[in-house]
Amino acid sequence: MSITEIIKEGTALAVKELYDHEINANDVNINTTRKEFDGDYSVVVFPYTKVARKKPEQIGEDLGKYLVDKYEDLTNFNVIKGFLNLEVSDKYWNQYLADVAEKETLKKPFHGEKIMIEFSSPNTNKPLHLGHVRNILLGWSSSKIYEALGYDVQKVQVINDRGIAICKSMLAWQMMGNGETPQEAGIKSDHYVGKWYVEFEKLFQAEYKTWQESAEGQAVFSTQKKDEQEEVTFFKGFKNTYFNEHSKIGSAAKAMLLKWEGNDDEVRNLWKKMNGWVYEGFDTTYKNLGIEFDNLYYESNTYLLGKDIIDDGLSKEIFYKKEDGSVWIDLEDAKMDHKLVLRSDGTSVYMTQDIGTVEKRFQDFGAKKMVYVVADEQNHHFKVLFEIMKRMGASYADGLFHLSYGMINLTTGKMKSREGTIVDADDLMKEVIEAARANAIEKGELEGLEEAKKEDIYRKIGLAALKFFIIKVNARKTMIFNPEESVDLQGNTGPYIQYAYVRIQSILKKAGEVDTSIASKYTNLGPTEKELIGQIYRLDEVVKMSADQFDPSFIASYCYDMAKSYSRFNRDHKIIKAESEEAKAFRIRLCQVTGEVLEFGMNLLGIEMPERM
RNA sequence: GGCUUUGUAGCUCAACUGGAUAGAGCACUUGACUACGAAUCAAGAGGUUGCAAGUUCGAAUCUUGCCAAGGUCACCA
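In our numbering, the protein residues as written are 74 to 686.
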């Protein structure tokens, strides 16, 4: 039994014996003791004033005496106000450390349960950007966390490879590309396709502008504007209608989409070619980010799914049909609106597809837990989807989870493609690695290493800075991205944690072979030694909490706290030249375990540790 | 307008899910390398937790009402 469980159960027992009142051990309120007081854990005794009919101080005395008498792992206590501070024995900490040191891995064994996590899910008309990076880090990290808890994790990505967007890129390339390839243009292939998407938008904007000034455009403006509406505002809102009803290249793009749906050879071949370019580019980006998927779903294969489920739902009267033939679901009793699930012409909408793919995924992999890492702008969509699946009686309905995360804003405001303020993922990685390189060269610690090794270390440091910067923020919050801070290597950053790790490796290497079996003879642990073991002790709890809440930021701040505790321990104690052999053995073991935990924790965030830096 | 998320130091973020004097980093001031790695450590300054009530031994956290910002409410995906 762990020490916190001992305290909880002991307190429950004490309340029962001393005050004749039953409480649940899990409800015992226990915290780590604040630094300014003596002790390791504190029990809050206020809740027992009513049943004990005593003052909090007296209850603290009663409970403290009971616990210290009964359990040899608790050696001392003091009471301040309503807080009972308990001191854990050095022996217990020492033994705990020995137990962790003996473990072969910090991972939990496989227990057979499955979970599917969908993340990234890009469109194929442009390269990945900062928003994708946050998505990917959250998805990847959640996958790693669940793997660490013994789950069979399936990482999947949906590729939105069809639709009007890719047709825009295709059309622009067809019109102006002269058969050029990305290689010929010397541009990374996904960026090359993105370039043609931008070209299309330029062309469209120019066409729209001309139309606005034409007699036809002015006529539309004067007849359709709301009173007092400015011309600029009107045309901004009219853009989609213009695209669909007036635009020449708009109708050309739509015609292309129709041809695609009709399996036109020429269009399909062009589509395959350009999507191929995009995938090639994505692969490089993913590889550089250090991530991979177990399975891909292409929207072009799945966009027709779901109709049979709608039929099924109609017969079960979960959905209803309007006169025009469109199919809806009434969610008013769940405080939502009526929602369309099938168009009047019988074609699918987004929701139809998602209903179909969730079922397909369950059939493919059989996971009762399925997670969607998607930005919070789609909260409503997933709420509706999950409600529908529940009403359809899907066995996995309760295991569906939307890992909703906030958007990333820049210090200068929102990212907007129209204003060219999109932060590109490839550029970003390049910049952080550059910054790490410049810094490392200045430090000069890596001199003498082979170039390839140096490059690998720059990459690890740069990516650690970037990844940690993003993942340390609570997932659900909108975050502000400051490019200057993202390359910082000091303070609450990934490289700070890497640095602690590197120092540990350096010490272990210099110490050589040390017999740690005598570590248990070391007594009189110092405060920073205890603090560090206390951090190690928290690992399981933190991983569990991260998993339950799908929030890796807990692990990020845990790793930081751990590195900080290590730095303080390292300041207070000599390790190789310790005052005794026992102390040395103990501290070497503490260093080993700390290093393992740091590496384990950071790997859960998708961050690699260098051996030197 | 309905629903929803957020509001904490100059800035970026925490706060173990209701506990002690709200903590870190950056920036600012200062001290510590001939040292097991200074990408470090230590110290200082910086707060009416958006505002106002309520709940209780105790509220940044729960409730209500305001204020502000984002999201969403498409036969788009």
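Cβ coordinates follow ideal geometry from the N, Cα and C atoms, glycine included. Given the structure is predicted, the values throughout are model-derived calculations rather than measurements.
Residue environment: L663 is assigned as buried (16 or more neighbouring CB atoms within 10 Å of its CB, all protein chains considered). Three or more beta-carbon pairs separated by less than 8 Å link the region 218-235 to the region 189-203, which places the two stretches in contact. As computed with DSSP, I481 is found in a beta bridge with M552. Within a 10 Å sphere around the beta-carbon of L159 sit 16 or more other beta-carbons, which makes this residue buried. Counting of Cβ neighbours within 10 angstroms places K533 among the buried residues, the total reaching 16 or more. Using a Cβ-Cβ distance cut-off of 8 Å, the region 484-491 and the region 439-454 are not in contact, since fewer than three pairs of beta carbons, one from each stretch, lie closer than that value.
With respect to A537, M635 sits apart: the two C-beta atoms are not nearer than 9 Å.
Under the 10 Å beta carbon count, R126 is surrounded by fewer than 16 other beta carbons and is classified as exposed. The shortest CA-to-CA distance from S421 to any of L377, D163 and S194 is the one to L377.
Taking C-beta separations shorter than 6 Å and ignoring five residues to either side along the sequence, the partners of N233 in its chain run N196 and E372, following chain order. The Cβ neighbour count for A548, taken over all protein chains shown within 10 Å, is at least 16; the residue is labelled buried. If you look at Y139, you'll find it in the alpha helix (DSSP H) that goes P129 to K143. Residue burial annotation: H453 is exposed, with fewer than 16 other C-beta atoms found within 10 angstroms of its C-beta. Secondary structure at N251: coil, using DSSP grouped into helix, strand and coil. In this structure, the beta-carbon distance from T551 to I481 falls below 9 Å. Judged by DSSP in its simplified three-state form, L522 adopts coil rather than helix or strand. Per the DSSP secondary-structure output, L539 pairs with nothing in a beta bridge.
Separation of M249 and W213 (C-alpha to C-alpha, rounded to the nearest whole angstrom) is 39 Å. When G517, L539 and N374 are compared, the shortest CA-CA separation from T430 is found for N374. DSSP, reduced to helix, strand and coil, places N196 within a strand of the structure shown.
D561 counts as buried, since no fewer than 16 other beta carbons sit within 10 angstroms of its beta carbon.
It is roughly 20 Å from the alpha-carbon of F119 to the alpha-carbon of N149. Scanning Q302, G479, K261 and N361 for the CA closest to the CA of I543 turns up G479. Bridge pairing for F156: V117 and I153 [DSSP]. D621 sits in a helix when the DSSP states are folded into three classes.
Residue ranges of uninterrupted alpha helix (DSSP H) with 4 or more members, entirely inside the region 292-353 and ordered along the chain, are 304-310, 312-318 and 321-334. Apart from the 5 residues on each side of it in sequence, W333 sits with its Cβ closer than 8 Å to the Cβ of R235, C240, V340, R341 and W344 in its chain, given in chain order. The Cβ atoms of L157 and S194 lie no closer than 9 Å to each other. With respect to the 9 Å criterion, S162 and P625 are not classified as neighbours on the basis of their beta carbons. In this structure, the beta-carbon distance from L458 to M409 does not fall below 9 Å. Here DSSP, grouped into helix, strand and coil, assigns K395 to coil. With fewer than 16 other CB atoms across the displayed protein chains lying within 10 angstroms of its CB, G335 is exposed. With contacts defined as CB atoms closer than 9 Å, H646 and G599 qualify as a contacting pair. Annotation: V446 is outside any alpha helix (DSSP H); the continuous beta strand (DSSP E) that includes it extends over K442 to A448. In this structure, DSSP gives L86 a helical state, which the three-state scheme calls helix. Following the DSSP letters along the chain, one finds V575 in no beta strand (DSSP E) but inside the alpha helix (DSSP H) bounded by residues G567 to A584.
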